[in-house]
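Enquirer: Chains as they are written, first to last, in the working numbering: chain A, 168 to 496; chain B, 116 to 468.
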Amino acid sequence: MQVNIQEINERIQQESAFVDALRMEIGKVIIGQKGMVDRLLIGLLGDGHILLEGVPGLAKTTAIKTLASAMKASFQRLQFTPDLLPADLIGTMIYNQKNGDFQTKQGPIFANFILADEINRSPAKVQSALLEAMQERQVTIGDQTFILPRPFLVMATQNPIEQEGTYPLPEAQVDRFMLKVKIDYPSREEELLIMRQQIAQAIPVATPVVSTDDIIKARQAVHMVYMDEKIERYILDIVEATRRPREFKLERLASYIAYGGSPRATINLAIAGKAHAFIQRRGYVIPEDIRAICFDVLRHRLAVTYEAEAEELNSEMIIQEILDTIEVP
Amino acid sequence: MKRAVWIILFVVLLPFVTQAQDVRVSATVDSTRYLIGEWIHVQLNVDAPGTVKLQLPSSDDDVLEGEFVSAEDAEVEENDGRRLYRQEMIATVFDTGSIALRVRVRYTRQGDTTTYEALSQPIALAVTTVELDTSQAFKDIKDVIEVPLTIWDYLLYAAVLLLLLLAAWLIYRWYRRRQDRPVEEAPVIVPDIPAHVTALRALETLRERQLWQHGQHKQYQSELTDILRTYIEQRWHLHAMEQPTSEIMPGVAMIGLSPSLVEELERVLRLADMTKFARFVPTSEQHENGMRFALTFVEKTRTSDETLSGPSSAASVVEAETSGETEHGEETEHGEETEHGEETEHGGGSKHV
Numbered sequence: 168m169q170v171n172i173q174e175i176n177e178r179i180q181q182e183s184a185f186v187d188a189l190r191m192e193i194g195k196v197i198i199g200q201k202g203m204v205d206r207l208l209i210g211l212l213g214d215g216h217i218l219l220e221g222v223p224g225l226a227k228t229t230a231i232k233t234l235a236s237a238m239k240a241s242f243q244r245l246q247f248t249p250d251l252l253p254a255d256l257i258g259t260m261i262y263n264q265k266n267g268d269f270q271t272k273q274g275p276i277f278a279n280f281i282l283a284d285e286i287n288r289s290p291a292k293v294q295s296a297l298l299e300a301m302q303e304r305q306v307t308i309g310d311q312t313f314i315l316p317r318p319f320l321v322m323a324t325q326n327p328i329e330q331e332g333t334y335p336l337p338e339a340q341v342d343r344f345m346l347k348v349k350i351d352y353p354s355r356e357e358e359l360l361i362m363r364q365q366i367a368q369a370i371p372v373a374t375p376v377v378s379t380d381d382i383i384k385a386r387q388a389v390h391m392v393y394m395d396e397k398i399e400r401y402i403l404d405i406v407e408a409t410r411r412p413r414e415f416k417l418e419r420l421a422s423y424i425a426y427g428g429s430p431r432a433t434i435n436l437a438i439a440g441k442a443h444a445f446i447q448r449r450g451y452v453i454p455e456d457i458r459a460i461c462f463d464v465l466r467h468r469l470a471v472t473y474e475a476e477a478e479e480l481n482s483e484m485i486i487q488e489i490l491d492t493i494e495v496p
Numbered sequence: 116m117k118r119a120v121w122i123i124l125f126v127v128l129l130p131f132v133t134q135a136q137d138v139r140v141s142a143t144v145d146s147t148r149y150l151i152g153e154w155i156h157v158q159l160n161v162d163a164p165g166t167v168k169l170q171l172p173s174s175d176d177d178v179l180e181g182e183f184v185s186a187e188d189a190e191v192e193e194n195d196g197r198r199l200y201r202q203e204m205i206a207t208v209f210d211t212g213s214i215a216l217r218v219r220v221r222y223t224r225q226g227d228t229t230t231y232e233a234l235s236q237p238i239a240l241a242v243t244t245v246e247l248d249t250s251q252a253f254k255d256i257k258d259v260i261e262v263p264l265t266i267w268d269y270l271l272y273a274a275v276l277l278l279l280l281l282a283a284w285l286i287y288r289w290y291r292r293r294q295d296r297p298v299e300e301a302p303v304i305v306p307d308i309p310a311h312v313t314a315l316r317a318l319e320t321l322r323e324r325q326l327w328q329h330g331q332h333k334q335y336q337s338e339l340t341d342i343l344r345t346y347i348e349q350r351w352h353l354h355a356m357e358q359p360t361s362e363i364m365p366g367v368a369m370i371g372l373s374p375s376l377v378e379e380l381e382r383v384l385r386l387a388d389m390t391k392f393a394r395f396v397p398t399s400e401q402h403e404n405g406m407r408f409a410l411t412f413v414e415k416t417r418t419s420d421e422t423l424s425g426p427s428s429a430a431s432v433v434e435a436e437t438s439g440e441t442e443h444g445e446e447t448e449h450g451e452e453t454e455h456g457e458e459t460e461h462g463g464g465s466k467h468v
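#1: In the DSSP assignment, find the unbroken beta strand (DSSP E) run with V220(B) in it and report its ends.
#2: With three or more beta-carbon pairs closer than 8 Å as the criterion, would you say the stretch 179-186 of chain B touches the stretch 215-223 of chain B?
#3: Would you verify that the beta carbon of S185(B) is, or is not, closer than 9 Å to some beta carbon of chain A?
#4: Verify the CB distance criterion: does S397(A) have a CB-CB separation below 9 Å to chain B?
#5: If we ignore side chains and look at the alpha-carbon of each, how far apart do E454(B) and P375(A) end up?
#6: Taking 9 Å as the threshold (C-beta atoms), are L465(A) and I405(A) in contact?
#7: Can you say whether E483(A) is buried or exposed, counting buried as having 16 or more other CB atoms within 10 angstroms of its CB?
#8: Run through chain A and tell me which residues come within less than 7 Å of F392(B), C-beta to C-beta.
#9: How would you list, in chain order, the residues of chain A whose beta-carbon sits under 9 Å from the beta-carbon of M364(B)?
#10: Quick one: is V495(A) near chain B, going by C-beta distance under 9 Å?
#11: Tell me which same chain residues have a C-beta within less than 6 Å of the C-beta of L436(A), skipping the five on either side of it?
#12: Kindly provide the ranges of any beta strand (DSSP E) runs that are 3 or more residues long and lie completely inside the stretch 142-194 of chain B, ordered along the chain.
#13: Just tell me which of I438(A), L480(A), A385(A) and P430(A) has its CA closest to the CA of A184(A).
#14: In chain order, what residues of the same chain have a beta carbon less than 8 Å from the beta carbon of A142(B), not counting five sequence neighbours either side?
#15: CB V144(B) to CB V220(B), shorter than 9 Å?
#16: Identify the residues that DSSP records as bridge partners of D268(A): which are they?
#17: Hey, how far is the Cα of E379(B) from the Cα of R244(A)?
#18: What separation, rounded to the nearest whole angstrom, lies between the Cα atoms of D187(A) and A421(A)?
#19: In the DSSP output, which residue or residues are listed as bridge partners for K349(A)?
#20: Counting only the same chain and skipping the five closest in sequence on each side, list residues whose C-beta sits under 8 Å from that of I446(A).
#21: Just the chain B side, please: which residues come within less than 8 Å of D491(A) by C-beta, in chain order?
#22: E362(B) to A355(B), Cα distance in whole Å?
#23: So R336(A) and N279(A) are supposed to be a Cβ contact under 8 Å. How far apart are they, rounded?
#24: For the stretch 180-192 of chain A, which residues have a beta carbon sitting closer than 9 Å to at least one beta carbon of chain B?
#25: Ignore the nearest five residues each way along the sequence and tell me which others in G450(B)'s own chain have a CB closer than 7 Å to its CB.
#26: Could you tell me the boundaries of the alpha helix (DSSP H) in which D284(A) lies?
#27: Quick one: grab the DSSP three-state call for Q236(B).
#28: Using CA coordinates, which residue listed in E358(A), L480(A), A254(A) and G332(A) is at the minimum distance from F277(A)?
#29: Does T360(B) get closer than 9 Å to chain A when you measure Cβ to Cβ?
#30: Just to confirm before moving on: does the CB-CB distance between L339(B) and A393(B) stay below 9 Å?
#31: Could you tell me the boundaries of the alpha helix (DSSP H) in which Y426(A) lies?
#32: What residues of chain B sit near R458(A), judged by a beta carbon separation below 7 Å?
#33: How many Å lie between A501(A) and H467(A) at the Cα?
#34: Tell whether a beta-carbon distance below 9 Å holds between F242(A) and I231(A).
#35: May I ask you to report which of helix, strand or coil DSSP gives R417(B)?
#36: Below 7 Å on C-beta distance, what does I328(A) contact in chain B?
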């Protein structure tokens, strides 16, 4: 198949023109957290969902809210609690006394951007309802099926502390998130700016700079980003090394990995790699793209053994060792 | 009237008849004063009909206000359809004061599954505790009494001693043999082939293979940069083969090479990345420049002959670079050529397929 990289590059340059404007608009409200904003864009462009882990107060809600404002898209925030029911999320059938029939009342899931705050506070049935909607991008209420609006991005948050009384997401369901992003505190300088911004009289608000149609078009362009076979093989090497570390001269890791990345990890690594290249306004993927998003794609898909926990090794350390061992094409 | 007399007689004599069916237990002791815990020898006599099945005392339950210790086998005498059991048993009491000791015997009658019991008459005992003479000083607990050694103990000690002597002799023999062994000659350490030699040979081979001349641009650029990355890895122990260009460059910049050399290296690596991952086809000039730069880079950063077998260091590189300062002009020229090459990369000199 003939691939005209120059044409692709030109198309990507054209389609990704909004990225800088969007970043700038978000940057007006969100100071720092560049990594999180980029991951949000990658999730959005890669048609995936994001699991965010960070202590409270790191602008998770503000980020997705700002993204929604900058895109003129609908936004809903769902606070997950132990007494939440699937119907509270997806909607239910309500009896209309006037007409004498049942009417569908759509739930808050019918929005472009969903912030599922503290997803692990709700029991499995509610988590399943959300994750099913994320996967199928449609919801069935009664005997009617409703297609969710496009683009549809779920950003679920988990608090790494206060694990008491929570319902940790099962591995199979965590796998449905394209990225798991860990957010850290802002730098000292960034925090100074945040403080100044928040105590100022006029807090900046993002204005729409891109439409949802532009995002849908950009998604098509992301799929056009060229990925060479060498990069494809590099992705396979990384994912396979999480499954069979011995074959990649990583004997040390064999006893630390309970199970490695699924084929979904391979697919998402490729898509996220393309999306990363796209937001860098490049028409082709380079190893740097894969390495940049590798941690976010793999950290929740790689389970470590008790032995690793005893050695105080986490999945990120294992991924780092894999990246340090596998030859870059 | 006659009938009434018979009834009165039956009523009056009935208790005597049942008495004959009953079990009589008597117990005697040889003293009435005992110390606490002292054994009390009880002589137990049980008179029971021959049809009764007896359970003589065998547990603490059978001694009231005392504890059962042991009992000998009972002697049995039969007389007129009755049996007389004589048994010597030992009981003890752990309470002090006046104790009314009684012995219990259980039995079952023929054709009846109910267990009956018969008690001896109470035996009044005065149980006293041991009186302590508090006027005397308290004495220590006695030492453990030493058991005299037997012949088997002496044999065991002798065996252990022999084993120890044997072990000592074996260690001594091993040590002597080790001492007597001729000193092995130290293995001849063949110095590794220096990184620059390997790199220069590989570059020469790559040039001879004429890959790009035959349209294998991607293969040529891959191999060219692999040679450079392997050289960087071996020369400065940077993990260049496991890093992409953007990660290699900061490491190389830290070595202390001249900025122009670092810049040119990045340009070559980036061009190769474009060729490898973006189907970019470099011009013949860019290919040649890449090869020329690789040779210059290796030559300029090679270790000096004196330090071939020693560890590589940034100092030797600086030294090598200082010695090559006269080639500065050539380097600049080379740089310009490459710059030109990059111009063509973005311009019309090269093409994407």
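Glycine is no exception: its CB is placed at the ideal position from the N, C-alpha and C atoms.
Predicted model, so just to flag it, every value in this text is computed and none were measured.
Expert: According to the data block:
#1: Sequence index remark: in the second sequence, residue 220(B) carries index 105 (1-based). Here the beta strand (DSSP E) through V220(B) covers G212 to T223.
#2: yes
#3: Here residue 185(B) refers to the residue found at position 70 when the second sequence is read from its first residue. Not one chain A Cβ lies under 9 Å of S185(B).
#4: As a working mapping, residue 397(A) is identified with position 230 in the first sequence. Contrary to the premise, residue 397(A) reads as Lys rather than Ser in this sequence. Taking Cβ atoms only, chain B reaches closer than 9 Å to K397(A), which makes this a yes.
#5: Numbered from 1 along the second sequence, position 339 holds the residue referred to as residue 454(B). Numbered from 1 along the first sequence, position 208 holds the residue referred to as residue 375(A). Because the pLDDT of E454(B) is 36, which lies under 50, any placement of that residue in the model is unreliable, and the question is left without a value.
#6: Here residue 405(A) corresponds to residue number 238 of the first sequence, with the count starting at 1. Here residue 465(A) corresponds to residue number 298 of the first sequence, with the count starting at 1. In this structure, L465(A) lies closer than 9 Å to I405(A) by Cβ.
#7: In the first sequence, counting from the first residue as 1, residue 483(A) sits at position 316. Exposed: under 16 other Cβ atoms inside 10 Å.
#8: Here residue 392(B) corresponds to residue number 277 of the second sequence, with the count starting at 1. Here the neighbours are D395, K397, I398, Y451, V452 and I453.
#9: One-based indexing of the second sequence puts residue 364(B) at position 249. Result: empty, since nearest Cβ-Cβ is about 11 Å, beyond 9 Å.
#10: On the first sequence, residue 495(A) is found 328 positions in, with the first residue counted as 1. Closer than 9 Å to some Cβ of chain B, the Cβ of V495(A) qualifies, so yes.
#11: Mapped onto the first sequence, residue 436(A) falls at position 269. These residues qualify, in order along the chain: I402 and V464.
#12: 148-150, 154-164, 168-170, 182-186 and 190-194
#13: Here residue 184(A) refers to the residue found at position 17 when the first sequence is read from its first residue. Ranking I438(A), L480(A), A385(A) and P430(A) by Cα distance to A184(A) puts A385(A) first.
#14: In the second sequence, counting from the first residue as 1, residue 142(B) sits at position 27. Cβ neighbours of A142(B) beyond the five flanking positions: V157, Q158, L159, N160, L216, R217, V218, S235, Q236 and I238.
#15: As a position in the second sequence, residue 144(B) is number 29, starting the count at 1. As a position in the second sequence, residue 220(B) is number 105, starting the count at 1. No. Outside cutoff.
#16: Translated into positions along the first sequence, residue 268(A) becomes position 101. Bridge partners of D268(A): N263(A).
#17: Looking up residue 379(B) in the second sequence gives position 264. Looking up residue 244(A) in the first sequence gives position 77. Roughly 51 Å between the two C-alpha positions.
#18: The count along the first sequence starts at 1 and reaches residue 187(A) at position 20. The count along the first sequence starts at 1 and reaches residue 421(A) at position 254. Whole-angstrom Cα-Cα distance: 42 Å.
#19: Here residue 349(A) corresponds to residue number 182 of the first sequence, with the count starting at 1. Its beta-bridge partners are E220(A).
#20: Counted from its first residue, the first sequence places residue 446(A) at position 279. Result list for I446(A): S183, V186, D205, L208, I209 and L212, in chain order.
#21: Taking the first sequence and counting its residues from 1, one reaches residue 491(A) at position 324. Chain B residues near D491(A): H354 and E357.
#22: Within the second sequence, numbered from 1, the residue matching residue 362(B) stands at position 247. Within the second sequence, numbered from 1, the residue matching residue 355(B) stands at position 240. Distance between the alpha carbons of E362(B) and A355(B): 8 Å.
#23: On the first sequence, position 169 is the one that residue 336(A) refers to. On the first sequence, position 112 is the one that residue 279(A) refers to. Before going further, note that residue 336(A) is Leu rather than Arg in the sequence given. About 23 Å; that fails the 8 Å criterion.
#24: none
#25: In the second sequence, the residue the question calls residue 450(B) occupies position 335. Confidence is the limiting factor: at G450(B) the pLDDT is only 37, short of 50, which leaves the residue's position unreliable and the question unanswerable from this model.
#26: Taking the first residue of the first sequence as 1, we reach residue 284(A) at position 117. Run containing D284(A): none in the alpha helix (DSSP H); it sits in the beta strand (DSSP E), F280 to D284.
#27: Indexing the second sequence from 1 puts residue 236(B) at position 121. Coil.
#28: Taking the first residue of the first sequence as 1, we reach residue 277(A) at position 110. When each option's Cα is compared against that of F277(A), the closest is A254(A).
#29: Here residue 360(B) is taken as the residue at index 245 of the second sequence, counted from 1. Interface residue, yes.
#30: Against the second sequence, residue 339(B) aligns to sequence position 224. Against the second sequence, residue 393(B) aligns to sequence position 278. Result no, Cβ atoms of L339(B) and A393(B) do not sit closer than 9 Å.
#31: Taking the first residue of the first sequence as position 1, residue 426(A) is located at position 259. Per DSSP, Y426(A) belongs to no alpha helix (DSSP H); it is in the beta strand (DSSP E), I424 to Y426.
#32: For the purposes of this step, residue 458(A) is taken as the residue at position 291 of the first sequence. Residues of chain B passing the Cβ test: P359.
#33: In this structure chain A extends from 168 to 496, so residue 501(A) is not present and cannot be described.
#34: To locate residue 242(A), count along the first sequence from 1; it is residue 75. To locate residue 231(A), count along the first sequence from 1; it is residue 64. Yes. Within cutoff.
#35: One-based indexing of the second sequence puts residue 417(B) at position 302. Coil, per DSSP.
#36: Within the first sequence, residue 328(A) is the residue found at index 161, counting from 1. Correct list: empty, because the minimum Cβ distance to chain B is about 33 Å.
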